[in-house]
Structure formats: structure tokens, C-alpha cells
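In what follows, a single structure is set out as C-alpha cells and then discussed.
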Amino acid sequence: MHEFSIMQSALQQALREARQAGAARVHEIRLRIGVLSGVVPDALHFAFEVLTPGTPAEGALLTIEDVQARFWCASCRREFVSANLYAECPDCRHPSGELRAGREMELSSMEVDYV
Amino acid sequence: MCETCGCGLSAGIPVTVSGHDHPEPGEHERHHHDHDHDEAHHHDHPHEHGAQERQTLELRHAILEKNDRLAERNRGFFHARGVLVLNVLSSPGSGKTTLIGATIRQLGPRLKTAVIVGDLATDNDARRLRESGAPVVQINTGTVCHLEADMVARALKQLDLTGLDLLIIENVGNLVCPASYDLGEDLRVVLLSVTDGEDKPLKYPPMFHTADVVLVSKLDLELACDFKRAEVAANVRHIAPRARLFEVSAKTGAGMEEWLGYLLQQREAAKHRDPLSS
Chain A
1 MHEFSIMQSA LQQALREARQ AGAARVHEIR LRIGVLSGVV PDALHFAFEV LTPGTPAEGA
61 LLTIEDVQAR FWCASCRREF VSANLYAECP DCRHPSGELR AGREMELSSM EVDYV
Chain B
116 MCETCGCGLS AGIPVTVSGH DHPEPGEHER HHHDHDHDEA HHHDHPHEHG AQERQTLELR
176 HAILEKNDRL AERNRGFFHA RGVLVLNVLS SPGSGKTTLI GATIRQLGPR LKTAVIVGDL
236 ATDNDARRLR ESGAPVVQIN TGTVCHLEAD MVARALKQLD LTGLDLLIIE NVGNLVCPAS
296 YDLGEDLRVV LLSVTDGEDK PLKYPPMFHT ADVVLVSKLD LELACDFKRA EVAANVRHIA
356 PRARLFEVSA KTGAGMEEWL GYLLQQREAA KHRDPLSS
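Going down the list, the sequences are from chains A and B.
The first sequence begins at 1 in my numbering and counts up by one.
The second sequence begins at 116 in my numbering and counts up by one.
Structure representation (C-alpha cells):
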């Protein structure tokens, strides 16, 4: 359960950015979380509910975009999306050594107002 | 990269950009390029705010950016000293401590080794590992389920690194959370004991995907567990095709020579790497 500390870092970064931008309230925080990041989105939502009261993000919406695992196949010379998380090309079965997306843990954007 | 114009700036990292040329500067009227990027990417936020106005702030921050930065600092420190660093990971009870102890004893004087060991509580592992003769620092993480780069940096201050060849970091026993935290290691060694079952790589892909080495441990229990070596090898290939696979028993010594040979070879490579590369 490291989602709590990950949500805490994301929220601290978001609130710092909001403060620096002169925003009064945060309405929505958007994250991008890769399927290979090892982070469970439901646990992030739970942590968000616990951490936001009393902050400018109280009552804000947390939106999490799942990022699929995308590998590069060197023999087919194309990317493939791996639903089962296998690092092998579904067409040629060649193992891929290159993960191009899927480990993201990113604070992508947020909605704020200045009232 | 700057997501507004693709100008190659890292998000979240303070970079001052001045005077770079855009082919059509007129298109970038709202996007000032002389700004300081330590307040990363507020390109669109207005400087005169109307009442009730909602705005989107584009951020694109890596949430673990702080840990990643500290891990790179550790890595630079290790490279400058030519130390080979292993991050050893597994579920609790897969035999990390026993394997590390046996590795140190059997390497003997060939490599000067130290250990940093993480557990939620107790110094039992540190006491066991000290019997191998190596210096050991125990980190108690309290309720934290993984080691982070700054914990390793603090532990390093308690170690005499003079002439050190190999640093083994035994992470907290957990096959999920430690996968997300770079410590500055050269190699991630993920253990899978024969009692864990052949399908662990399929059940825990985020961890096994990051493995440089998968080490099947407790091979002496293979028969008792009806363990299928070919199946585990196939599962490792599915998730971590680049990982090196070793099968060992710290108890009987089976497979240990191959593992030690690999470590000696990696240590040689570590001595000759460029301290400035990562």
C-alpha cells in the first residue's frame, strides 16, 4: 500500500502549483497511471478522499487516466499494446526489450479557479 | 519535453531558457520562452483573472520525481566509486537474507561487500548478515512498505565505503511497492523461491518487468514442491525477456558458482563504466 504516499506527493505538488499560480480552489486533479506502475487507482481514490479535506482541493474530483503497456517490437518495427502485460509481440512472438509506455505515474493537469 | 511546442524542455525540472528560436514566433504569443521553468508549464494560465474563472493548469509532473532525482544522485555516487549495486527484491520469506549471506561468504575476499537491509521492524536480518563478516546497516522503515532513495543515501553515511566492490541492498519483502522506487542500483535482482509457485511473474508483472536478474531460490525444496523449472523459465520470458535467470540453493550451494561468476563479471564491468553516464 504505497498509494497513500504517492497520492500525498501528487497532492502536495498540485497544491504548490495552485498556490504559485494564485489559484483559490482546485476543482479537479488529473493523473496518468500506467498499468505497469504497480499502483492501484482505487487505492489512490481512497487516499485522495482522506487527504483533501481542509485543503483547497477539498471536494475536488480525482480523474485517473489508465495508460496501457506499449512495447516496441524490433523485428516487426512497430509498437504493440500488451493487454496481458506480456513483453512479447502478439504477431511474431519476438520478445521486446523496450517498454515505451505503461510505467507512468504523472500529475498531468488540474482545474482551478481564482476567486 | 515542453508539451506546448515540443521544444525539448523537461517537465518539472528547473531550466531557464532564453533566446531560442522558433520558426514562427508569432504563434507563441501566449507562451513566453524567457520564463523560468521551475514553475513548470503554466503556459496557459492567465495573469489577469476574471471572477469565477476556471482554468486548466497543464503540469505533467512525474509524481516520484523527487525519488528519481535522489536515485540518480546515488547512482552518480556509486559510479564515481566504481561500486556495483544490487537491489534485491522478493516477497517476504523467499530467502533474500539467506542468499545474500551465502553470496558474501562464498565470494570471500574476491569482492569487498557491504549490505543495507530494509525491514519494517527488528534488526534480525542485520544480525544474521553480520555473521557473514560484511558491514551491515539496518533501515527500519516503520510502516513504509519499501525502501526509497533518500533512505539509502542516509544509510550510506553509516558505511565505510573505502575499497568497496559490491553493495547489496536488501529491500523490504514485498513484490508490489518496491518496484516503483529506483534506489540508484545497477541491477534489480528479483527472487522467486520454489515455494512461491511458478506463476509469480504473471501475478506480479510490474515487479518482474523491472528485473535484470530473476533468481529462483530454495532449489533444494524443488522435489517437495513439485516445482516445474521449465514453466517458471517460460513465465519469466513472457514478462521479463531480457532478465538473466539463475537457479540456486543457498543451502546446498547448487547453482551458486554461476551466480557468483555473473556478479564478478558485472563488478568488472562496473569498474570500467563512465562515472558521468547513468
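Every residue gets a Cβ at the ideal spot worked out from N, C-alpha and C, and that includes glycine.
From a predicted model like this one, the values you see are computed outputs, not experimental measurements.
Host beta strand (DSSP E) of residue i (start-end)
| i | result |
| --- | --- |
| S109(A) | 105–113 |
| R382(B) | Unbroken run through R382(B) is the alpha helix (DSSP H), 371–386; no beta strand (DSSP E). |
| L360(B) | 359–362 |
| G59(A) | No beta strand (DSSP E) holds G59(A); DSSP gives it neither H nor E. |
| Q253(B) | 251–255 |
| G34(A) | 25–34 |
| A83(A) | Here A83(A) belongs to no beta strand (DSSP E), and DSSP marks it neither H nor E. |
| A294(B) | Where A294(B) is concerned, there is no enclosing beta strand (DSSP E), given that its DSSP letter is neither H nor E. |
| R100(A) | 98–101 |
| L282(B) | 281–285 |
Start-to-end residues for the alpha helix (DSSP H) that takes in residue i
| i | result |
| --- | --- |
| D265(B) | 264–271 |
| S5(A) | 3–20 |
| V50(A) | 41–51 |
Separation of residue j from residue i, as counted between CA atoms
| i | j | result |
| --- | --- | --- |
| G312(B) | L11(A) | 38 angstroms |
| E106(A) | N182(B) | 13 angstroms |
| I64(A) | D113(A) | 21 angstroms |
| S82(A) | A69(A) | 6 angstroms |
| H156(B) | A60(A) | At H156(B) the pLDDT is 49, less than 50, meaning the model places this residue with poor confidence; the figure from the coordinates comes in the next sentence. H156(B) and A60(A): Cα-Cα distance of roughly 21 angstroms. |
| E98(A) | E168(B) | 43 angstroms |
| N202(B) | D335(B) | 24 angstroms |
| N189(B) | T52(A) | 33 angstroms |
| R344(B) | D314(B) | 11 angstroms |
| G376(B) | T171(B) | 55 angstroms |
| V130(B) | S37(A) | Any reading at V130(B) must be qualified, since the residue scores a pLDDT of 31, below 50, and its modelled position is unreliable; the value itself is stated next. Those two C-alpha atoms are separated by around 27 angstroms. |
| G216(B) | R352(B) | 28 angstroms |
| D153(B) | L44(A) | Its pLDDT being 46, under 50, D153(B) is placed unreliably in this model, and the value from its coordinates should be taken loosely. Computed Cα separation, rounded: 26 angstroms. |
| A18(A) | R357(B) | 42 angstroms |
| A384(B) | A57(A) | 49 angstroms |
| L226(B) | L244(B) | 16 angstroms |
| A23(A) | G54(A) | 16 angstroms |
| C260(B) | A339(B) | 31 angstroms |
| R220(B) | S364(B) | 14 angstroms |
| H194(B) | P320(B) | 29 angstroms |
| E285(B) | K366(B) | 19 angstroms |
| W374(B) | P250(B) | 21 angstroms |
| L179(B) | R359(B) | 28 angstroms |
| T228(B) | I283(B) | 7 angstroms |
| G257(B) | E362(B) | 32 angstroms |
| G248(B) | A241(B) | 11 angstroms |
For residue i, the nearest candidate out of the options (CA to CA)
| i | options | result |
| --- | --- | --- |
| E372(B) | A385(B), T218(B), A186(B) | T218(B) |
| S308(B) | S209(B), F192(B), Y377(B) | S209(B) |
| L185(B) | L262(B), D238(B), L174(B) | L262(B) |
| D275(B) | L330(B), H194(B), I231(B), A358(B) | I231(B) |
| E187(B) | L336(B), L375(B), V267(B) | V267(B) |
| E300(B) | L281(B), L334(B), L360(B), V287(B) | L281(B) |
| D42(A) | P56(A), L62(A), R100(A) | L62(A) |
| I6(A) | R103(A), E17(A), A47(A), E111(A) | A47(A) |
| Q13(A) | M1(A), V50(A), V26(A) | V26(A) |
| N350(B) | A294(B), P207(B), S332(B), F323(B) | F323(B) |
| K272(B) | V259(B), C260(B), I254(B), N286(B) | I254(B) |
| H387(B) | G370(B), T277(B), R196(B) | R196(B) |
| L174(B) | S109(A), V115(A), Q8(A) | S109(A) |
| G278(B) | P224(B), A348(B), Q381(B) | P224(B) |
| S96(A) | E104(A), Y86(A), G102(A) | Y86(A) |
| E337(B) | A369(B), S247(B), R357(B), E246(B) | A369(B) |
| V328(B) | C340(B), A348(B), D341(B), T310(B) | A348(B) |
| Q380(B) | A270(B), P320(B), L222(B) | L222(B) |
| R77(A) | E3(A), H94(A), V67(A) | H94(A) |
| L235(B) | Y296(B), V287(B), L330(B) | V287(B) |
| W72(A) | R100(A), G34(A), C92(A), E58(A) | R100(A) |
| A294(B) | L199(B), E346(B), G191(B), S206(B) | S206(B) |
| P316(B) | Y296(B), V198(B), V291(B), A249(B) | V291(B) |
| G102(A) | F4(A), S75(A), F80(A) | F80(A) |
| V67(A) | M1(A), I33(A), E88(A) | I33(A) |
| V35(A) | E104(A), R16(A), E49(A) | E104(A) |
Interface flag, residue i vs chain E, CB-CB below 9 angstroms
| i | result |
| --- | --- |
| V259(B) | Absent from the structure: chain E. Protein chains present are A and B. |
- Message: Please list, in chain order, the residues of the stretch 310–330 of chain B that have any C-beta partner in chain A closer than 9 angstroms.
- Response: L317, Y319, P320, P321, M322, H324, T325
- Scan the stretch 208–242 of chain B and note each continuous alpha helix (DSSP H) run of 4 residues or more that stays entirely inside, going in chain order. 211–222
- At what residue ranges does the stretch 167–214 of chain B contain a whole run of the beta strand (DSSP E), taking only runs of 3 or more? 169–177, 199–204
- Message: My parser needs the alpha helix (DSSP H) runs of 4 or more residues fully inside the stretch 296–354 of chain B; what are they?
- Response: 315–318, 320–324, 337–340, 344–354
- Item | Near-chain A residues of the stretch 291–303 of chain B (beta-carbon distance less than 7 angstroms), N- to C-terminal order | V291, C292, A294, S295
- Check each residue of the stretch 347–370 of chain B: if its Cβ is closer than 8 angstroms to any Cβ of chain A, include it; give the result in chain order. R352, H353, I354, A355, P356, R357
- Could you name the residues of the stretch 168–185 of chain B whose beta carbon sits closer than 9 angstroms to any beta carbon of chain A, in the order they occur along the chain? E168, R169, Q170, T171, L172, E173, L174, R175, H176, A177, I178, L179, E180, K181, N182
- Between the stretch 2–29 of chain A and chain B, which residues of the former have a C-beta closer than 8 angstroms to a C-beta of the latter? H2, S5, I6, S9, A10, Q13, A14, E17, A18, Q20, A21, G22, A23, H27
- What residues from the stretch 45–65 of chain A come within 8 angstroms of chain B, judged by C-beta to C-beta, listed N to C? none
- Message: So if I threshold CB-CB distances at 7 angstroms, which residues from the stretch 72–95 of chain A count as touching chain B?
- Response: L85, Y86, A87, E88, P95
- Message: So if I threshold CB-CB distances at 9 angstroms, which residues from the stretch 101–114 of chain A count as touching chain B?
- Response: G102, R103, E104, M105, E106, L107, S108, S109, M110, E111, V112, D113, Y114
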